[in-house]
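The opening residue of the sequence shown carries number 1 in this note's numbering; numbering runs sequentially from there. Below is one structure; the comments refer to it alone.
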Amino acid sequence: MEDGVRPNEGGNRKRSFADLLQWSQWQLLDSILPTGAFAHSFGLEASTQASIISRPEDLKIYMIHVLENTGSLLLPFVYSATVAPNLKNWQKLDNVLEATLTNEVGRKASISQGSSLIRVASAVFSEYSCLKSFRDTCLASGSVSFHHAPVFGLICGVIGLDSETSQRAYMFLTMRDVISAATRLNLVGPIAASVLQHQMTHVAESILKKWMDRSVEDACQITPLLDVVQGCHAYLFSRMFCS
C-alpha cells in the first residue's frame, strides 16, 4: 500500500460522517433542545375552549388537519431552504413566508420558535460557523423575521441532511408538539398519546408524500378554520400556551 493508505480508508471516513450525521439529526429532533416549541399548541387550546375538540376522535381529526396544513403551507419552505442553504435564499424564503402568514398569533409563534432554533443551533452545531454568521448578519441588518420553517430547512441543509429527511423531520416535530400539547391539556393520557402518535405515522407519511418537494410558489393554506381558531387564542380568558 503506497503512502500507508489503506484501501477502505475513504469508505470508512464517509461511513463515519454518515454515522455522526445521524446523531446530529436526532439531537435536532430531541425535545430537550431549548427552542420553546412546547409553549405552543398549534391552536389546539383555542379549539378545545371553542368546543371544536371534545372527543378523542376530534383530536385525531384535528391532528390530520394540522399535518395537512403543515405539509401544504410550510413544507415548501423547509424543502427550498434545505436544497439551497445559503444566506440569500434563506432571506428570500423568510420574507415570502412573512408575507404569506395572515394569522398574527401563528406568525408570532413561527418567529419565536425560529429565533430560538437558530440561536440554539448556532451554539450547538458550532462546527458549522456559517449558522452563527448568517444569524449575526441578519440580526444586524434586520433582513429576516426568523420564521421557523425556513430556519429549520436551513439548518438541515447546512449540517448535511437530505431534503426528504428534513421534510419528514419537520412533520414529525409538528406531530410530536401537537400530541404533547394535547397531553398537557388533559385531552389524552401519556400512554394513549404514545399510542396515538404511533397510529398517526401512516397518516403523516402519506401526507408527507403528497406535499413534499414543492416550491414555495405552490405553498397554500388548505384548512382555513385552523387559521381562524388559532387567531382567537389571544382572546382566551385563561390560557396555558402562547399560541
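Ideal Cβ placement from N, Cα and C applies to all residues, glycine included. This one's a predicted model, so the numbers in the text were calculated from it and none came from an experiment.
Cβ-Cβ distance between residue i and residue j below 7 Å
i, j, result
"Pro-150", "Asp-218", "no"
"Glu-106", "His-148", "Contrary to the premise, residue 106 reads as Gly rather than Glu in this sequence. In this structure, His-148 does not lie closer than 7 Å to Gly-106 by Cβ."
"Ala-204", "Met-175", "yes"
"Glu-68", "Ile-222", "yes"
"Leu-208", "Arg-239", "no"
"Val-96", "Tyr-128", "no"
"Ser-166", "Gly-153", "yes"
"Glu-226", "Gly-43", "Going by the sequence as given, residue 226 is Leu instead of Glu. Cβ distance < 7 Å, so Leu-226 and Gly-43 count as in contact."
"Phe-241", "His-65", "no"
"Leu-75", "Gly-160", "no"
"Tyr-246", "Ser-206", "Absent from the model: residue 246. The displayed extent of the chain is 1 to 243, so no value can be given."
"Leu-187", "Leu-59", "yes"
"Ser-116", "Gly-36", "yes"
"Ala-109", "Ser-16", "no"
Three-way DSSP call (helix, strand, coil) for residue i in this model
i, result
"His-148", "helix"
"Cys-130", "helix"
"Cys-232", "coil"
"Thr-70", "helix"
"Val-216", "helix"
"Pro-224", "helix"
"Leu-28", "helix"
"Pro-56", "helix"
"Val-40", "It should be pointed out that residue 40 corresponds to His in this sequence rather than to Val. Coil."
"Leu-21", "helix"
"Leu-187", "coil"
Terminal residues of the alpha helix (DSSP H) in which residue i lies
i, result
"Ala-204", "190–211"
"Met-240", "No alpha helix (DSSP H) holds Met-240; DSSP gives it neither H nor E."
"Ala-95", "Contrary to the premise, residue 95 reads as Asn rather than Ala in this sequence. First-last of the alpha helix (DSSP H) with Asn-95: 87–100."
"Pro-76", "75–83"
"Ile-179", "163–184"
"Ile-118", "104–124"
Closest Cα partner of residue i within the set the options
i, options, result
"Ser-112", "Ala-193, Pro-34, Ser-143, Ser-215", "Pro-34"
"Ser-247", "Ser-24, Ala-109, Cys-138", "No answer is possible for residue 247: the residues shown for the chain start at 1 and end at 243."
"Asn-89", "Val-229, Ser-16, Val-216", "Val-216"
"Lys-92", "Ser-31, Val-144, Val-188, Ser-16", "Val-144"
"Val-229", "Leu-187, Lys-60, Thr-102, Phe-38", "Thr-102"
"Leu-87", "Ile-118, Tyr-235, Phe-17", "Ile-118"
"Thr-48", "Arg-184, Gln-197, Met-200, Lys-210", "Arg-184"
"Leu-236", "Ile-32, Gly-36, Asp-19, Ala-46", "Ala-46"
"Gln-199", "Ala-140, Ser-110, Ile-179", "Ile-179"
"Ala-81", "Cys-220, Arg-214, Pro-224, Val-124", "Arg-214"
"His-202", "Met-171, Cys-156, Pro-224", "Met-171"
"Val-124", "Cys-220, Ala-18, Asp-30", "Asp-30"
"Pro-224", "Ala-18, Ile-32, Tyr-62", "Tyr-62"
Buried versus exposed call for residue i [16 or more other C-beta atoms within 10 Å across all chains shown]
i, result
"Asp-177", "buried"
"Gly-142", "exposed"
"Ser-122", "buried"
"Met-1", "With a pLDDT of 40 at Met-1, under the threshold of 50, the modelled position of that residue is not reliable, and the figure given next carries that caveat. Exposed, since its Cβ has fewer than 16 Cβ neighbours within 10 Å."
"Val-195", "exposed"
"Glu-57", "exposed"
"Trp-26", "exposed"
"Pro-85", "buried"
"Arg-55", "exposed"
"Leu-28", "buried"
"Cys-156", "buried"
C-beta neighbour in chain C for residue i, strict 7 Å
i, result
"Phe-77", "Here chain C cannot be found, since the structure has a single protein chain."
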